[in-house]
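In this note's numbering, each residue's number is its place in the sequence shown (first place is 1) plus 19.
Beta carbons are placed, not taken as given, at the ideal position from N, Cα and C, and that holds for glycine.
The structure under discussion appears below in the form of structure tokens.
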Amino acid sequence: MLQKVITLANFKGGVGKSTSTAAMGACLAMKGYKVLLVDLDGQSNLTLYYIPDADKLEESIFETLVYGKAVPVINVKPNLDLVPSSLEMSSAEIAMTNTLAREQVLSRALFD
Numbered sequence: 020m021l022q023k024v025i026t027l028a029n030f031k032g033g034v035g036k037s038t039s040t041a042a043m044g045a046c047l048a049m050k051g052y053k054v055l056l057v058d059l060d061g062q063s064n065l066t067l068y069y070i071p072d073a074d075k076l077e078e079s080i081f082e083t084l085v086y087g088k089a090v091p092v093i094n095v096k097p098n099l100d101l102v103p104s105s106l107e108m109s110s111a112e113i114a115m116t117n118t119l120a121r122e123q124v125l126s127r128a129l130f131d
């Protein structure tokens, strides 16, 4: 299966990353593509866009990156799934300081 990864990233906040990602994901899903959005932001704006009561979720990508748990995938619309973030993501970099090959943890979790 052909997979494409599109990343929207910018260190500066308030530039429209979450809004652009939500819009692009929704458009691709409406065109029939299967879309997986992965929210890695500590503010969880993309997650909150699709799941307003996200603070009630039991797991997020944080548990995957830091504790090696399964990737939590939530279907939010037809053809559109979301891996939610949480406020804990703000501390993920520190929590992963001693993790070997930490730059590969996300890739392995999503593609293995």
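Going by the beta-carbon positions, is the gap between residue i and residue j smaller than 7 Å?
{"i": "Thr40", "j": "Leu65", "result": "yes"}
{"i": "Leu99", "j": "Ala48", "result": "yes"}
So, for residue i: in the same chain, excluding its five sequence neighbours on each side, which residues have a beta-carbon less than 6 Å away from its beta-carbon?
{"i": "Leu76", "result": "Pro103"}
{"i": "Val95", "result": "Tyr69 and Leu101"}
{"i": "Ala128", "result": "Thr83 and Val90"}
{"i": "Val57", "result": "Val102"}
Measure the C-alpha to C-alpha separation of residue i and residue j and round it to an integer number of angstroms.
{"i": "Lys31", "j": "Leu106", "result": "18 Å"}
{"i": "Lys23", "j": "Asn117", "result": "30 Å"}
{"i": "Val34", "j": "Leu119", "result": "32 Å"}
{"i": "Gln62", "j": "Ala28", "result": "14 Å"}
{"i": "Leu21", "j": "Lys53", "result": "11 Å"}
{"i": "Ile113", "j": "Cys46", "result": "35 Å"}
{"i": "Ile80", "j": "Ser110", "result": "12 Å"}
{"i": "Leu59", "j": "Asp131", "result": "19 Å"}
Can you name the start and end residues of the alpha helix (DSSP H) that residue i belongs to?
{"i": "Ile113", "result": "Ala111 to Ala114"}
{"i": "Leu21", "result": "Looking at the DSSP string, Leu21 is not in any alpha helix (DSSP H), and its letter there is neither H nor E."}
Within the 7 Å Cβ cut-off, does residue i reach chain C?
{"i": "Ser104", "result": "Note that chain C does not occur in the displayed structure, where there is just one protein chain."}
Taking 8 Å as the limit between beta carbons, can you name the residues of its chain near residue i, skipping five residues before and five after?
{"i": "Val92", "result": "Leu55, Asp100, Leu101 and Val102"}
Whose C-beta lies closer than 7 Å to the C-beta of residue i among residues of the same chain, with five residues either side of it excluded?
{"i": "Gly51", "result": "Asn98"}
{"i": "Gly44", "result": "Val54, Leu56 and Leu99"}
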